[in-house]
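S.K.: Take the sequence shown: its position 289, counted from the start at 1, is 289 in this note's numbering, and no numbers get skipped.
By construction, the Cβ of each residue, glycine as well, lies at the ideal position given by its N, Cα and C atoms.
Take a look at the following structure, please.
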Amino acid sequence: MPESYPELASVLSEQFPAPVCAILQGFAGASASLRDLLAVAPLRDLLGSTGEINVQDEATAKLDDRANEMFREALRLPDVARLISEEEPDPIEVGAGTYTCCFDPLDGSSNIGVAPVGSVLGVYTDAHGAFEAGYSITGRQLVAAAFTVYGLPTMLIVASPDRVDGFAFDPEDRTWRLVSPKIRAPQAQYASINWMYRDRWPARVLRAVDHASTGLRGRYSGSMVEDVLRVLMSGGVFLYPEDETSPDGKLRMLYEICPIGFIMEAAGGAAMDGTRSVLDVPITTPHQRGPLITGDGEAVRRYHQAYIVVD
Ligand code: AHM
Ligand code: MG
């Protein structure tokens, strides 16, 4: 019975101030619309690329563009100061609000049309001076984080500093309902990493990956959000370390690494760059990259212990 699963709005209002509830509702609303678009993408000529190259030097998919517009509009809210999107070269100044919303409108672009993709949001406070000379921002300034996975079911994960909840989208009445309250990251069963990059890993990464993944089974989708959802629900560790072609890692701090790190720490797991929590890394540019090793605290600790050994 749907009535037995509390609706998103009532769960949010118990945990967050009204402006943060509005931001999270905006994210959930745009996610529901994007889910609809993804479901008909092959029928609406929405697969393939726009022919443009984005600020990350990656080909922009038509759906990257559409998703970006949807979240950009949904998050233009009175208490939002600025928006930072994976698809926008520069921050977008919105108003005199308190919050900076950083988002990846469509995570897992290489899976569009073939496998689940998602969206990621980080809500930062006190970020006004960020990126000006001498000012940095860290993931410790997050007050909320969320991500969606457009699979069956379509899932929305929302975190405050000490609680993580999972909501499923009900297409009948278009509500998000709490189906997995107070998620705790279970003991690792799976390791998610792109094993094809093994030859590019420095010796310490190779050693640490082997140490962290011993005894685990492999699962890797190419959509971080999907792999992280598995880590949260079934137990595991997700790893995207630095390598020879991406010496700083691939994933971006503000709208990928820190929101996921915040969620994982709130669920009792861990998220490190190898030496420290990703939430303690100073971020000085909007699209700064970093390594991410996240999931079950014990597996992340094994990575760390092997990583810090001096060669
Ligand atoms: P995107 O936001 O442009 O889709 O890039 C991020 C994605 C992650 O979802 C995923 O974990 C990773 O890139 C996959 O990269 P690779 O193909 O190098 O394994
Ligand atoms: Mg992404």
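Can you round the beta-carbon distance between Thr-148 and Gly-118 to whole angstroms, since I take them to be within the 8 Å contact cut?
M.R.: Locating residue 148 in the sequence shown gives position 148, counting from the first residue. Locating residue 118 in the sequence shown gives position 118, counting from the first residue. With a Cβ gap of about 5 Å, Thr-148 and Gly-118 count as contacting.
S.K.: Helix, strand or coil for Trp-201, going by three-state DSSP, please let me know.
M.R.: Numbered from its first residue, the sequence shown carries residue 201 at position 201. Looking at Trp-201 - three-state DSSP - the assignment turns out to be coil, as it is neither helix nor strand.
S.K.: Does ligand 1 have a heavy atom nearer than 7 Å to the CB of Gly-108?
M.R.: For the purposes of this step, residue 108 is identified with residue 108 of the sequence shown, where counting begins at 1. Checking the Cβ of Gly-108 against ligand 1 gives yes.
S.K.: Hey, Arg-289 and Met-233 are a contact pair by Cβ (cut 8 Å); roughly how many whole angstroms apart?
M.R.: On the sequence shown, residue 289 is found 289 positions in, with the first residue counted as 1. On the sequence shown, residue 233 is found 233 positions in, with the first residue counted as 1. Not quite, the Cβ-Cβ distance comes to about 27 Å (not below 8 Å), so this is no contact.
S.K.: So the candidates are Leu-206, Arg-140 and Gln-25; which of them puts its Cα closest to the Cα of Ala-9?
M.R.: Residue mapping note: residue 9 aligns to position 9 of the sequence shown, counting from 1. For the residues Leu-206, Arg-140 and Gln-25, the minimum Cα distance to Ala-9 belongs to Gln-25.
S.K.: Please identify the residue among Asp-65, Asp-36 and Gln-56 whose C-alpha is closest to the C-alpha of Ser-49.
M.R.: For this step, residue 49 is matched to residue 49 along the sequence shown. Among Asp-65, Asp-36 and Gln-56, the Cα nearest to that of Ser-49 is on Asp-65.
S.K.: Within this structure, are the beta carbons of Leu-142 and Pro-259 separated by less than 8 Å?
M.R.: In the sequence shown, residue 142 corresponds to position 142, counting from 1. In the sequence shown, residue 259 corresponds to position 259, counting from 1. In this structure, Pro-259 lies closer than 8 Å to Leu-142 by Cβ.
S.K.: Hey, is the stretch 170 to 178 in contact with the stretch 236 to 243, meaning 3+ C-beta pairs nearer than 8 Å?
M.R.: Not touching, per the Cβ criterion.
S.K.: In whole angstroms, give me the CA-to-CA distance for Glu-256 and Leu-121.
M.R.: Taking the sequence shown and counting its residues from 1, the one referred to as residue 256 is at position 256. Taking the sequence shown and counting its residues from 1, the one referred to as residue 121 is at position 121. C-alpha separation (whole angstroms): 8 Å.
S.K.: Let me know the secondary structure DSSP gives Val-123 once reduced to three states.
M.R.: What you label residue 123 is simply residue 123 of the sequence shown in a count that begins at 1. Three-state DSSP puts Val-123 in a strand.
S.K.: Residues in the same chain with beta-carbon distance under 7 Å from Ile-283, minus the five sequence neighbours each way, listed in chain order, please.
M.R.: Taking the first residue of the sequence shown as 1, we reach residue 283 at position 283. Around Ile-283: Ser-136, Ile-137, Thr-138, Met-253 and Leu-254.
S.K.: When DSSP labels each residue in this structure, what does Ile-293 get in the three-state scheme?
M.R.: Counting from 1 along the sequence shown, the entry for residue 293 is found at position 293. In this structure, Ile-293 counts as strand in the three-state DSSP scheme.
S.K.: What three-state label does DSSP hand Tyr-220 in the structure shown?
M.R.: The sequence position of residue 220 within the sequence shown is 220, counting from 1. Looking at Tyr-220 - three-state DSSP - the assignment turns out to be coil, as it is neither helix nor strand.
S.K.: Evaluate Thr-60 with the Cβ neighbour count: other Cβ atoms within 10 Å of its Cβ, from every protein chain shown; 16 or more gives buried, anything less gives exposed.
M.R.: Within the sequence shown, residue 60 is the residue found at index 60, counting from 1. Result: buried.
S.K.: If you reduce the DSSP assignment to three classes, tell me which class Ser-246 lands in.
M.R.: As a first step, residue 246 is located in the sequence shown; it is residue number 246 there, counting from the start. If DSSP states are grouped into helix, strand and coil, Ser-246 belongs with coil.
S.K.: Should Asp-104 be counted as a contact of ligand 2 given a C-beta to heavy atom distance under 7 Å?
M.R.: Translated into the one-based positions of the sequence shown, residue 104 becomes position 104. Yes.
S.K.: Does DSSP classify Glu-87 as helix, strand or coil?
M.R.: On the sequence shown, residue 87 is found 87 positions in, with the first residue counted as 1. Coil.
S.K.: Check for me: the alpha helix (DSSP H) holding Leu-63 runs from which residue to which?
M.R.: Here residue 63 refers to the residue found at position 63 of the sequence shown. Run containing Leu-63: 62 to 74, per the alpha helix (DSSP H) assignment.
S.K.: By DSSP, does Arg-207 sit in helix, in strand, or in coil?
M.R.: Your numbering for residue 207 matches position 207 in the sequence shown. Arg-207: helix per DSSP, three-state reduction.
S.K.: Please name the residue or residues paired with Trp-176 in a DSSP beta bridge.
M.R.: Mapped onto the sequence shown, residue 176 falls at position 176. Beta-bridge pairing links Trp-176 to Phe-169.
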